[in-house]
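Colleague:
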Amino acid sequence: MEIVPVQINWGSFEKLSSVHDLANCLMGQWPAPTDGDAYTTALMVCEATSNQSPRIEI
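For the sequence shown, this note's numbering begins at 567 and goes up steadily by one.
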(Lines of atoms letter the chains of each structure in order from A and count residues from 1; the text may use other names and numbers.)
(Lines give C-alpha, C1' and ligand atoms only; values in the text may rest on other atoms or scores of the structure.)
Protein backbone atom coordinates (compact mmCIF):
# COMPACT_ATOMS: atom_id res chain seq x y z
CA MET A 1 0.00 0.00 0.00
CA GLU A 2 1.41 3.35 -1.03
CA ILE A 3 1.77 6.12 1.55
CA VAL A 4 2.81 9.75 1.39
CA PRO A 5 6.61 9.46 1.35
CA VAL A 6 8.26 10.02 4.70
CA GLN A 7 11.93 10.39 5.48
CA ILE A 8 13.33 8.82 8.61
CA ASN A 9 15.80 10.88 10.59
CA TRP A 10 17.94 8.02 11.86
CA GLY A 11 19.91 5.19 10.35
CA SER A 12 20.13 5.52 6.58
CA PHE A 13 17.84 8.60 6.34
CA GLU A 14 15.97 6.86 3.54
CA LYS A 15 12.63 7.94 2.08
CA LEU A 16 9.83 5.43 2.63
CA SER A 17 6.90 5.30 0.23
CA SER A 18 4.90 2.20 1.20
CA VAL A 19 3.59 0.52 4.31
CA HIS A 20 5.88 -2.42 3.53
CA ASP A 21 8.92 -0.09 3.43
CA LEU A 22 7.85 1.48 6.71
CA ALA A 23 7.37 -1.89 8.41
CA ASN A 24 10.76 -3.13 7.19
CA CYS A 25 12.38 0.05 8.50
CA LEU A 26 10.71 -0.31 11.89
CA MET A 27 11.76 -3.94 12.18
CA GLY A 28 15.37 -3.33 11.19
CA GLN A 29 16.25 0.21 12.21
CA TRP A 30 14.10 1.23 15.20
CA PRO A 31 16.44 3.54 17.19
CA ALA A 32 15.06 2.76 20.65
CA PRO A 33 14.10 -0.27 22.75
CA THR A 34 11.54 -2.45 21.00
CA ASP A 35 9.50 -3.20 24.10
CA GLY A 36 7.90 0.24 24.38
CA ASP A 37 4.45 1.48 23.47
CA ALA A 38 5.65 3.62 20.53
CA TYR A 39 7.21 0.65 18.74
CA THR A 40 4.20 -1.58 19.34
CA THR A 41 1.82 1.14 18.16
CA ALA A 42 3.85 1.78 15.00
CA LEU A 43 3.80 -1.91 14.10
CA MET A 44 0.07 -2.12 14.77
CA VAL A 45 -0.55 0.80 12.42
CA CYS A 46 1.50 -0.91 9.70
CA GLU A 47 -0.44 -4.12 10.18
CA ALA A 48 -3.81 -2.39 10.16
CA THR A 49 -3.14 -0.36 7.02
CA SER A 50 -1.52 -3.04 4.91
CA ASN A 51 -3.11 -5.87 3.06
CA GLN A 52 -0.01 -6.52 0.94
CA SER A 53 2.69 -6.91 3.57
CA PRO A 54 3.35 -10.13 5.41
CA ARG A 55 1.95 -10.28 8.94
CA ILE A 56 4.19 -8.66 11.51
CA GLU A 57 4.22 -10.63 14.73
CA ILE A 58 5.50 -9.03 17.90
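Built from N, CA and C at the ideal position, the CB exists for glycine as well.
The model shown is predicted, which means the values in this text are computed figures rather than measured ones.
If you drop the 5 nearest sequence neighbours on each side, which residues of the same chain put their C-beta closer than 6 Å to that of Ser583?
Modeller: So the list reads Pro571, once near-sequence residues are dropped.
Colleague: I need the DSSP call for Glu613, collapsed to helix, strand or coil.
Modeller: The answer is helix: DSSP assigns Glu613 an H, G or I state.
Colleague: Taking just the CA atoms, how far does Cys612 sit from Cys591?
Modeller: Their backbone Cα atoms lie some 11 Å apart in a straight line.
Colleague: I think Ile574 touches Glu568, with their Cβ atoms under 8 Å apart; what is that distance to the nearest whole Å?
Modeller: Not a contact, Cβ separation roughly 17 Å.
Colleague: For Tyr605, I'd like the list of residues in its chain whose CB is within less than 6 Å of its CB, leaving aside the five on either flank, ordered along the chain.
Modeller: Excluding positions up to five away in sequence, the list reads Trp596.
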